[in-house]
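What follows is a set of notes on a single structure, which appears directly below.
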Amino acid sequence: MSILPETIPLNCIDRVFLIPETEDIHGSYFPVTIGRLTYFKSQITKQQLLDALVHLDDHFPQLRVRYRVNVETLKFEKVPDAERLSYFESLIEEVEGDDDPDDVMADLISYNTMPLGSLYNFRFRNNEFYLKIHHVAGDGRLLESFQQAMMYAIFMPEKLDSLPYADKKFWIPLYKVIWSNPLMGMAVMARFALMATTRAAKLLYRRVSGASSKTKNTPQETFPVTSRSKMGFATAIIPPEQMNRVKKLRREVVAGEKISLNNLLNVELALRLKKMGYLGQRVTYTIPVDVRRYMPKDSNFYPSNLASQIRVTTDSSDIGEICRQITSETTRAFYSFAPLTGIPWEWLTGLLPRKMYDRMHRHHRMNAVADPERFFILSNMGSVDRIHGDYKEFIHPNQHGTLAATDTALLIIFATIYGQGSWTASYDPRRISKEEVLELLDFNTQPFLVLQENEKENKATVEKIDAQAFQNNKVHSL
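Numbering (our numbering), first residue to last: 231 to 708.
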């Protein structure tokens, strides 16, 4: 077995997920957690979970289950061998009471992993398994990888070596992502220079003119999410037969075109939120991007935070035009390396003194203004059968992964498993109710608004053509 590194540095983006709410670095931190709720087909015990963590640490130490964050040095530190078992035990807790699983999960993601600095927490109750990961450890890629490895360690430890995590890679500096291709590196730095210059020019203008960064005559309401802020969690399932209907729907929305499932879900959710009064005509769609897509030839496993997002804003009411705009702008942004532009910025701000860096991000989080055009984010994970298919006999298909909703009112995760669609939503209950979220995610009994809007557009087009034809006939008759 290779020697494990005693410490692992934080990437520049990791720092963003580790901001204290006060000047006290040992106090509360803004909640940035990833969670997963899994239902087993049999009861689970603490000893099973403890044994599984030992198996994982022995086989895949790069998952960093035995590392914790030192908030003084801002590094991951390995737990000494003599403390390993007691440390693992401190991460496992049995859920007491009979609260609804959704409420248990909502509470868990409302604060960070405990004790302070730990990267993982594990909760169980009967056949319910709750996994919580601090976002400083990784993102959705780590969640899925860890879940798969954990299930193998619990149910099929003899097959652990067959998992594709053999390379003991613990970390990759993000400049290597940018400069994995020299042309990409130069393009990213050029975009960053333009972005930094534009930001500096806007800041100078505001200071000279005294202009406010807030929109005039528009009430600005902040919704800061701090540790233990009330959080909502809701789930829904699309059965396989209805999921097939949803897939076929992609050819019915826009005549002569097949739109992507991601676009279909995004637009349908936006139309429903418009109907509920939460969105206006102008909508910002957010498309998460796994930055590992810029390293297609690197098959090594890195648990670091390598995700970004692309935003597309439109005020069109034409479904086909919206879908084409999302596709074209997402493609253009991806191939112009826009998702990588923030990495040099994070590296640059990371050079600031600790207190100044924390104060800057703390101010941003406490004074974040709700964006009326960006009320929700949809992250489509696609099919997770390749990750979870092997232990189908041990778990129910109704399993849900989520992220604490901190910068938007509503964060939705969609995935397909065993032929069914799985919805998971975390939300700010101050801004939308659980009943409304469940109504939003109901793709089984509600009519699809994309079809109704398409019918309206077709009808409007026909009426316009008829009106023009009538006018032409009138002119000819004269």
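We put the CB at the ideal spot given by N, CA and C, even for glycine. What you are looking at is a predicted structure, and each value in this text was computed from that prediction instead of being measured.
Assess, as a yes-or-no matter, whether the stretch 463-480 is touched by the stretch 589-606 under the definition of 3 or more beta carbon pairs within less than 8 Å.
-> no
Under the rule that 16 or more other beta-carbon atoms within 10 Å means buried, what is Lys-271, buried or exposed?
-> exposed
Note down, in chain order, each residue of its chain lying with its Cβ closer than 6 Å to the Cβ of Thr-445, except the 5 sequence neighbours on either side.
-> At Thr-445 the pLDDT is 43, less than 50, meaning the model places this residue with poor confidence and gives no usable figure here.
Can you tell me which of the three DSSP states Trp-577 falls into?
-> helix
Tell whether a beta-carbon distance below 8 Å holds between Ile-573 and Trp-401.
-> no
Can you tell me which of Pro-454, Pro-261, Tyr-382, Lys-389 puts its alpha carbon nearest to the alpha carbon of Ala-598?
-> Pro-454
From Leu-240 to Lys-478, what distance separates their C-alpha atoms?
-> 44 Å
In whole angstroms, what separates the C-alpha of Leu-509 from that of Ile-662?
-> 12 Å
Thinking C-beta only, is Glu-251 closer than 8 Å to Arg-660?
-> no
Given 8 Å, three or more beta-carbon pairs between the stretch 505-524 and the stretch 556-564 = yes
May I have the straight-line CA-CA distance separating Leu-234 from Gln-555, to the nearest angstrom?
-> 47 Å
Under the three-state reduction of DSSP, which class applies to Tyr-515: helix, strand or coil?
-> strand
Backbone secondary structure at Ala-466 - three-state DSSP | strand
What three-state label does DSSP hand Ile-642 in the structure shown?
-> strand
7 Å CB neighbourhood of Val-680 in its chain, flanking five on each side removed = Val-483, Leu-494, Val-497, Glu-498, Leu-501, Ile-549
Could you spell out the range, first to last residue, of the beta strand (DSSP E) harbouring Glu-307?
-> 305-308
For Lys-362, does the count of other Cβ atoms within 10 angstroms reach 16, so buried, or fall short, so exposed?
-> buried
Comparing alpha-carbon positions, which option in Thr-632, Glu-666, Leu-279 lies nearest Leu-503?
-> Glu-666
Per-residue DSSP class, three states only, for Leu-222 = Since the first residue of the chain shown is 231 and the last is 708, residue 222 is not available in this structure.
Closest residue to Ile-274 among His-289, Gly-265, Ala-383 (Cα-Cα distance) | Ala-383
Close-in-space but distant-in-sequence residues of the same chain around Phe-463 (CB under 6 Å, 5 per side omitted) = Asp-332, Met-335, Ala-336, Ser-656
In the DSSP assignment, what residue or residues form a beta bridge with His-630?
-> Leu-267
Going by the beta-carbon positions, is the gap between Gln-650 and Met-473 smaller than 8 Å?
-> yes
Whole-angstrom distance between Lys-622 and Asp-615, CA atom to CA atom | 9 Å
Between the stretch 280-297 and the stretch 518-537, do at least 3 Cβ pairs fall closer than 8 Å?
-> yes
Is the stretch 349-367 close to the stretch 315-334, with three or more CB pairs under 8 Å?
-> yes
Check Glu-498 in the structure and name its three-state DSSP category.
-> helix
Closer than 7 Å: is that where the CB of Gly-572 sits relative to any heavy atom of the ligand NAD?
-> In the structure on display, the ligand NAD does not appear, and there are no ligands present to speak of.
Would you identify the three-state DSSP class for Asn-597, choosing helix, strand or coil?
-> coil
With DSSP collapsed to three states, give me the class of Gly-572.
-> helix
For Gln-377, three-class secondary structure by DSSP | helix
Contact the stretch 308-318 vs the stretch 362-382: 3+ CB pairs below 8 Å | no
Identity of the residue in Leu-321, Tyr-524, Thr-303, Asp-620 nearest Phe-354 by Cα | Leu-321
Under a Cβ-count criterion, where at least 16 other Cβ atoms within 10 Å of its own Cβ denotes burial, should Gly-631 be classed as buried or exposed?
-> buried
How long is the line joining the alpha carbons of Glu-236 and Asp-311, rounded to whole angstroms?
-> 11 Å
Please work out which residues of its chain come closer than 7 Å, Cβ to Cβ, to Asn-447, disregarding the five sequence neighbours upstream and downstream, and give them in chain order.
-> Any answer about Asn-447 is weak, because its pLDDT of 44 lies below 50 and its placement is not dependable; what the coordinates show is given next. For Asn-447, where only same-chain residues beyond five positions count, there are no Cβ hits under 7 Å.
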